[in-house]
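Visitor:
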Amino acid sequence: MIRNLNIVLIFSAVVMLAGVYALKFSIENTASQRTALIAMIDEQEGQISLLKADEAVLNQPGHIEPIVRRHQAALAIEPVRQEQFGSFADLPMRPAKPNSAAMNSLFESLEAGVDPIDAILSLEGIE
Amino acid sequence: MAMTADQVGATIALDGARKVRGNLTQARIRWMVLAIMLGFGLVGARLVQLGMTETDSTIEGQARDVITATRPPILDRNGLEMAVDIRVPSLYAEPRRIIDVEEAVRKLRTVLPNLSESWLRDRLTGDQGFVWVQRELSPSVEEKVMRLGIPGIDFITESKRFYPGMTEASHILGSTNIDNRGIAGIEKHMDGEDIALLQDLGLARGNALAPVELSVDMRVQHVMHEQLVDAMTRYQAIAAAGVMMDIHTGEIIALASVPDFNPNEPATALVKDSFNRITAGIFEPGSIFKTVTMAGALDSGAVSLTDKFDARFGVRFGRFTIEDFHGKHRILSLPEVYKYSSNVGTIHVMQALGKDNFRAFLTRMGFDARVPFELPEMRLPTVPKEFSEVGAATASFGHGLSVSPLHMLAAYAAFVNGGNYVPPTLYKRSVAEAEPLYRRVIQPSTSEAIRYLMRLNAIGQGGSGSQMNKLALGFRVGGKTGTAEKVVDGRYSSNKVTNFFGSAFPLENPRYAMVIMVDEPKAENPQSGTTAGWNAGTVTGRIVQRVAPMLGIAPDFSPLLDESLVPAALQGGPVGSHFN
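So the sequence lines, in the order shown, correspond to chains A and B. For what it's worth, our numbering labels the leading residue of the first sequence as 4, then goes sequentially. For what it's worth, our numbering labels the leading residue of the second sequence as 7, then goes sequentially.
#1: Strictly below 8 Å CB to CB, what residues from chain A border residue 555 of chain B?
#2: How should residue 540 of chain B be labelled, buried or exposed, when 16 other C-beta atoms within 10 angstroms of its C-beta is the threshold for buried?
#3: Is the Cβ of residue 66 of chain A closer than 9 Å to any Cβ of chain B?
#4: Sort B/253, B/59 and B/286 by Cα distance to residue 178 of chain B and report the nearest one.
#5: So, do the segment 311–327 of chain B and the segment 435–454 of chain B have three or more beta carbon pairs nearer to each other than 8 Å?
#6: Just to check my reading of the structure: residue 151 of chain B and residue 117 of chain B have Cβ atoms closer than 8 Å, yes? What is that Cβ distance to the nearest angstrom?
#7: Quick check: residue 373 of chain B and residue 409 of chain B, are their CB atoms within less than 9 Å of each other?
#8: Starting from residue 389 of chain B, trace the alpha helix (DSSP H) in both directions and tell me its first and last residue.
#9: Per DSSP, what are the beta-bridge partners of residue 522 of chain B in this structure?
#10: DSSP puts residue 1 of chain A in a beta bridge; with which residues?
#11: Of all the options A/28, A/9 and A/68, which has the alpha carbon lying nearest to the alpha carbon of residue 171 of chain B?
#12: Can you check which of these residues, B/230, B/452 and B/491, is closest to residue 290 of chain B by C-alpha distance?
#13: Return the bridge partner residues of residue 261 of chain B from the DSSP annotation.
#14: Whole-angstrom Cβ separation of residue 346 of chain B and residue 300 of chain B, contact assumed at under 8 Å?
#15: Contact check, residue 315 of chain B vs residue 355 of chain B under 8 Å by CB: the rounded distance?
#16: Using a Cβ cut-off of 7 Å, pull out every chain B residue sitting near residue 48 of chain A, in sequence order please.
#17: Taking Cβ positions only, does residue 3 of chain A come closer than 9 Å to chain B?
#18: Give me the DSSP bridge partner(s) of residue 426 of chain B.
#19: Name the one or two DSSP bridge partners that residue 163 of chain B has.
#20: Distance cutoff 9 Å, beta carbons only. Does residue 75 of chain A sit that close to anything in chain B?
#21: Going by DSSP, what residue range makes up the alpha helix (DSSP H) through residue 188 of chain B?
#22: Using the C-alpha atoms, what's the distance from residue 432 of chain B back to residue 220 of chain B?
#23: Can you tell which of B/504, B/549 and B/128 has its C-alpha closest to the C-alpha of residue 487 of chain B?
#24: Reducing DSSP to helix, strand and coil, say where residue 38 of chain B ends up.
#25: Would you list the one or two residues that DSSP bridges to residue 140 of chain B?
#26: Please work out which residues of its chain come closer than 6 Å, Cβ to Cβ, to residue 233 of chain B, disregarding the five sequence neighbours upstream and downstream, and give them in chain order.
#27: Mind listing which residues of the segment 90–120 of chain B have their C-beta closer than 9 Å to chain A's C-betas, in chain order?
#28: Would you please verify whether the beta carbon of residue 71 of chain A is less than 9 Å from any beta carbon of chain C?
#29: Between B/145, B/436, B/37 and B/36, which lies nearest to residue 258 of chain B when the distance is taken from Cα to Cα?
#30: Residue 316 of chain B bridges to which residues according to DSSP?
#31: Which residues does DSSP pair with residue 492 of chain B in a beta bridge?
#32: Quick one: list the residues of chain A neighbouring residue 155 of chain B, beta-carbon separation under 7 Å, in chain order.
#33: Would you call residue 110 of chain A buried or exposed, if buried means 16 or more other Cβ atoms sit within 10 Å of its Cβ?
#34: Name the chain A residues whose beta carbon is nearer than 8 Å to that of residue 1 of chain B?
#35: Just checking: is the beta-carbon of residue 113 of chain A within a distance shorter than 9 Å of some beta-carbon in chain B?
#36: Is residue 479 of chain B close to chain A? Criterion is C-beta to C-beta, closer than 9 Å.
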C-alpha cells in the first residue's frame, strides 16, 4: 500500500519538476521578449519625438514665411491689403429668380409651332 | 530487573538495545537540527548582508530619473508647439567594466574623433561605476558606437529640450541647461512652480505631463519678431523690442526683443545686449508718458477735454526753461496739447492736478513696483519717491523716471479697457478668470477720453501717429509717440534717442494694446526723421496691418466708427470736425 503511494508520489514529483522547469524557461523567454519590446518602444518613442519636433518646425510661421516669399512670384501671391476685405453685408441683394416653368412652357409651345402671341393678339382684337 | 540501592556497590547499568538505538537517534536529530539551523542562519545572514549593501544607481551624483526626466511641451494659444522634448542618446562608460582601456579609446575615437585622446583615456581609467563620455548625440552615432562592441560602453536615452521656433520666442521661453532645468524665461518659472518637484519625485517621465498652454500667438509673435529685426536694419538701431497684450484678459499675445538668442544653444543667452528689454530693461519713457499724465488729470476732474492751456512760452524753473520740441507757441486746447505733444501744455495739465496727486496716481498705476509677471528677468522701475516742482514737471512728459516697456503696456491697457488695471500673464486666461484680478484705476469716462485722444493723434492733422495710421488704415489704431533723449556724458543728447510707440486697436471696441521700442534709430532716408513717429510708429503700423486680420479684426473705413469715439463733452459740430 505505502509502496504504491510512494511510487505515485515520486512520479508526480518528477512530473512537477519537469513542469516547473518548463515554466521557468517559458517565463525567461517571455521576459526577454518583454525586454526587447520595451527597447523597441523606447526607440520608437524616440523616433516619434524627433518626428514631432520635425513637424513642429515645419509648422512654424517663421519656417513657412520664407518658403512663401520664395514662391511669391511663381504663385502670383502677395500679402492681403485692407481694401481686399469684404463682408456679407457689403454684397448686393440677389435679383429675383426667373420663372423657369413659364419659360419652359413658352419654348415648348414655340417648338410645337404655336406662338402664344397670336392668341393674345386675337383676344385683343388685333390682327 | 528489580534492584535495590544497598545491593549495588558499583552499579553496572546495562541498557537494552532498543534504548541505545533510541538515544543514538535522538543525538542524530539534534545534530541535524543544529546543521539545519546553521544552514538557515547562513542563508539569513547572507540575505541581511545583501539587504545592507547599497547599489550605486546614481549618475555622477544625480538620480537616473532626474537625467531622463522630461518637461511638458509648451504650446502657443492655438496649440502650436513652442518647446518639445526630443529623446537623444548619450554615451556613458563604466570604467570598472572596461577590460582594455587602450582598445576602447582607439575604437571610440574612430567614431568620435573630436574627443581628446588623453582626456578620454583619463576618463575611462579608474574604478567608477559611471562616467559621461559625450551627451546628446545623434542616433546614427549611437548605431556606430554600438557596432564597435566595446564592453563597459553604453547609451542612455536622455530628454533634450528643443525649440522649433528657433530665436522667435526666445525671451518668452528662455532656455534649459543640459540637465533639463530651466535657466531663463518661462522655463525657469515653470521649474519654480512644480515641474522641479515632479522631476525630483521621479514622476515626470514619459509623455504623462500635460502640455503648458501659453497666451502667445506664434503667428503674431512671428510678425512682431520679423518687423523688429527689420527695424534694426532699416533704422540701423542698436535694439528694438515690442509687446502686445489682450487688454481684457491681460494675456501677452506677443513679446519680442532683439538682439535675441537661440534657446537651442543656451550659451548664446548669456551674450551681452541680448537681455529682454521689455521686462528687464528700464528706460525713460518720454512722451508716451503724457498719456499717463492726461489720464490722471482727466480722471481727477482737475482738467477737462475743453480746457485750454497756455503754450506760448516755456515754463521756467529757476535757471531752467522747459520748451516744446515743435513749439506751436499759442494757446492749445487739451486735445491739441496731446496731439502736438506739447511739453509745456502737459506741465500745465500736471500742475492743475497737483504734483502730489500726480505722484499718487503713478503709484496707483503700478509704476513703483515690478509688474506682476511670470518671467524671472525683471527690473525695478526707478521713480523718485517724491517729486520736486521741476521733477514733477519733467516726469509729466516722461523724463527723470525710468520704467520698463511692460509697465507702459499695462498702463495703456488699463487706459483703454474701461479703466481696469489687469496684471499681464503669459498663461492662457479667459475674461472670466481675469475679472477677479481687475483693479479699477480710472473712470470709464476717462478711458473714453483717452481713446479719443489716442485716435486723434493718429488721424488728426499734425498728429504724431499719422505715419503709423497710413500703414494700418482701416484698423482704427490710435497711439502716442515718445522720443526720449538719452543721457550721454551727463547731458540729454538730441541724436541718441529711445523711441516708443504705445498704441491700442481697434479703438471703438479696443482689444489689444501694444508698445514698440526702437533704441537709437537713425533716419531711414534723408526725407524722414529720427523721432518716434518715423520708426516706432511705422513699425506699429506694419505690425497691425499684418496681425489684425489674424486676430479677427476686419478693416473698416467708416468715419462713423471714429465719430463714435468723440466724448460727450465735445459732441456737436459737423462729422470729422473733432479730428482736425
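Note that CB positions come from ideal geometry on N, CA and C, so glycine has one too.
Guide: If we stick to the structure as given:
#1: Neighbours of residue 555 of chain B in chain A, taken as residues at a C-beta separation under 8 Å, are given in chain order as 83 and 88.
#2: buried
#3: yes
#4: B/286
#5: no
#6: Cβ-Cβ separation between residue 151 of chain B and residue 117 of chain B: approximately 5 Å, consistent with a contact (criterion under 8 Å).
#7: yes
#8: From DSSP, residue 389 of chain B is part of no alpha helix (DSSP H); its letter is neither H nor E.
#9: Per DSSP, B/248 and B/507.
#10: What the structure shows of chain A is the stretch from 4 to 130, and residue 1 of chain A is not part of that stretch, so it cannot be assessed.
#11: A/68
#12: B/491
#13: As DSSP reads the structure, residue 261 of chain B sits in a beta bridge with B/249.
#14: At roughly 13 Å, the Cβ-Cβ gap does not stay under 8 Å, so residue 346 of chain B and residue 300 of chain B are not in contact.
#15: In this structure, residue 315 of chain B and residue 355 of chain B form a Cβ contact; the two beta carbons are roughly 7 Å apart against a cut-off of 8 Å.
#16: 93
#17: As displayed, chain A neither begins before 4 nor continues past 130, which places residue 3 of chain A out of reach and without an answer.
#18: B/446
#19: B/95
#20: no
#21: Segment 188–190 is the beta strand (DSSP E) holding residue 188 of chain B; no alpha helix (DSSP H) there.
#22: 6 Å
#23: Shortest Cα-Cα distance from residue 487 of chain B to any of B/504, B/549 and B/128 involves B/504.
#24: helix
#25: Paired residue(s): B/97.
#26: 545, 548 and 549.
#27: 90, 91, 92, 93, 94 and 95
#28: Absent from the structure is chain C; the protein chains it does hold are A and B.
#29: Closest option to residue 258 of chain B, Cα to Cα, is B/436.
#30: B/337
#31: B/499
#32: None at all; the shortest Cβ gap to chain A is about 17 Å.
#33: Exposed, by the Cβ-count rule.
#34: No statement about residue 1 of chain B is possible, as the shown extent of chain B runs from 7 to 586 and does not include it.
#35: no
#36: yes
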